[in-house]
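Whatever position you read off the sequence shown (first residue = 1), add 1 for our numbering. Built from N, CA and C at the ideal position, the CB exists for glycine as well. Please read the structure below before turning to the comments.
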Amino acid sequence: MLIKYVNKLIKYFKAPRSVKIDSSTAYKILECDNTNYIMKYKELIAINHPDKGGSEYLTNLINASKDYISELNKEIY
């Protein structure tokens with residue numbers, strides 16, 4: 002319920018075109034580690050996507066977090 006309320010408030014703010022994010026923030030947003038970030042990404046996007054009434058800003062943060070962790074994993078493996 003709180004997430005829906007926050008989403009309604011945030012969608013009135015202009016979402017940035019691109020989001021700069023660091024490692025600790027990316028993992029905190031997705032609440033994950035290197036092994037389950039895709040699953041958590043899909044779960045959060047399903048809830049927060051603008052097409053489903055979610056926030057464009059939060060969607061940008063979630064996407065940036067997933068992209069950042071994906072790039073880290075490419076460097077590791």
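Considering residue i, what are the terminal residues of the alpha helix (DSSP H) in which it resides?
i: E32; result: Per DSSP, E32 belongs to no alpha helix (DSSP H) and is neither H nor E.
Under a Cβ-count criterion, where at least 16 other Cβ atoms within 10 Å of its own Cβ denotes burial, should residue i be classed as buried or exposed?
i: L49; result: Inspection of the sequence shows that residue 49 is occupied by Asn rather than by Leu. With 16 or more other Cβ atoms within 10 Å, it is buried.
i: T36; result: exposed
i: A47; result: exposed
i: S56; result: buried
i: K41; result: buried
i: S24; result: exposed
i: I63; result: buried
i: I4; result: exposed
Measure the beta-carbon distance from residue i to residue j and round it to whole angstroms, keeping in mind my assumption that it falls under 8 Å.
i: Y38; j: K67; result: 6 Å
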